[in-house]
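Here the structure comes first, spelled out in structure tokens, and everything after it is commentary.
Numbering (the working numbering), first residue to last: 2 to 308.
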């Protein structure tokens, strides 16, 4: 199951109802933890999300609300005896901060540091693009390669069973039967994480055509002046980003503490989001990526959301 576990949704100042940032994307055998702010370790307990599932940690930038939870998460993983390597991705200019945070974590974890300083692929299927913020900041995009879905009735009609199915998938042909004859195209799913940025080409590239776009919505449209001053998105700008990109679902987060009711921000985003479904995230939401139809199309935006 592919699922986004929302651990925190506040921006610089947490509130009684919103923790600092934290987002765990469960994607097949990977667990990608994005921007663990202060309190992320405790939020994972509330969410019943095991730290042992984390395989990668991705920091957009090194402002505290996006990284101060890192030592606690790493210490918990070391305490739990996590045996697999954990890859930590972050902007190269934030290396001094990252090394300081890592140095106060409990030892014993196979942690591998991967700084990046430009756009590009940083791991299989995982790419970064620069965003426009007050310090060096990158967004992340995860893409599954396109593939094919086998059709059991066509396989049966062709007399292909057991190990021959795997051979057909590997070789593309088995005797006179081609893989295309017994399957249909399956579009790979995609996910983008855009945080702390003014509108920019990097955000547009990250969001392009994704099934799920997680985007900051720090300010109301009425506070566009503040958004421009601090290089953040308004709710309307987040909606515009999703619409222009053709995103399937827009998940809004990173809300300023000045807004006690984010339904207003969700409405502003929805007004500009076009066909994209809009979800105003709450702490401990679990958002399942939608199942795919045989032709690779997605039947709906968010397939499940629970708190």
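Just so it is clear, CB atoms sit at the ideal spot from N, CA and C, and this is done for glycine as well. Just so you know, these numbers come straight off a predicted model, no measurement behind them.
Neighbour-count burial assignment, residue i, 16 or more Cβ in a 10 Å radius
| i | result |
| --- | --- |
| residue 276 | exposed |
| residue 32 | buried |
| residue 55 | buried |
| residue 44 | buried |
| residue 243 | buried |
| residue 14 | exposed |
| residue 171 | exposed |
| residue 46 | exposed |
| residue 93 | exposed |
| residue 291 | buried |
| residue 108 | exposed |
| residue 197 | buried |
| residue 136 | exposed |
| residue 261 | exposed |
| residue 97 | exposed |
| residue 235 | buried |
| residue 21 | buried |
| residue 221 | buried |
| residue 226 | exposed |
| residue 162 | exposed |
| residue 134 | buried |
| residue 308 | Confidence at residue 308 is low in this model, with a pLDDT of 48, below 50, so the placement of that residue is unreliable and no value is reported for it. |
| residue 154 | exposed |
DSSP state of residue i mapped onto helix, strand, coil
| i | result |
| --- | --- |
| residue 250 | strand |
| residue 168 | helix |
| residue 31 | strand |
| residue 110 | coil |
| residue 184 | strand |
| residue 148 | strand |
| residue 161 | coil |
| residue 121 | strand |
| residue 58 | strand |
| residue 116 | strand |
| residue 84 | coil |
| residue 137 | coil |
Residues that DSSP places opposite residue i in a beta bridge
| i | result |
| --- | --- |
| residue 9 | 23 |
| residue 260 | Answer is none; residue 260 lacks a bridge partner. |
| residue 191 | 144 |
| residue 127 | 124 and 143 |
| residue 4 | 27 and 289 |
| residue 90 | 59 and 115 |
Beta-carbon proximity of residue i to residue j, cut-off 8 Å
| i | j | result |
| --- | --- | --- |
| residue 26 | residue 72 | no |
| residue 110 | residue 159 | no |
| residue 204 | residue 195 | yes |
| residue 175 | residue 165 | yes |
| residue 117 | residue 90 | yes |
| residue 28 | residue 3 | yes |
| residue 191 | residue 145 | yes |
Any chain C beta carbon closer than 8 Å to residue i
| i | result |
| --- | --- |
| residue 177 | As a matter of chain content, chain C is missing from the structure shown, which is built from one protein chain. |
Contact set for residue i: own chain, Cβ-Cβ below 7 Å, skip 5 residues either direction
| i | result |
| --- | --- |
| residue 282 | 7, 10, 252, 253 and 254 |
| residue 16 | 258 |
Close beta carbons around residue i, own chain, < 6 Å, minus the five adjacent residues each side
| i | result |
| --- | --- |
| residue 200 | 238 |
| residue 206 | 130 |
| residue 95 | 63 |
| residue 302 | Because residue 302 sits at a pLDDT of 40, beneath the cut-off of 50, its placement in the model cannot be relied upon, and the point is left open. |
| residue 246 | 208 and 209 |
| residue 74 | 37, 41 and 42 |
Chain-order list of residues whose beta-carbon lies under 8 Å from that of residue i (same chain, five-residue window excluded)
| i | result |
| --- | --- |
| residue 115 | 88, 89, 90, 91, 123 and 124 |
| residue 147 | 186, 187, 188, 189 and 297 |
| residue 310 | A query on residue 310 cannot be resolved here, the shown segment of the chain reaching from 2 to 308 and no further. |
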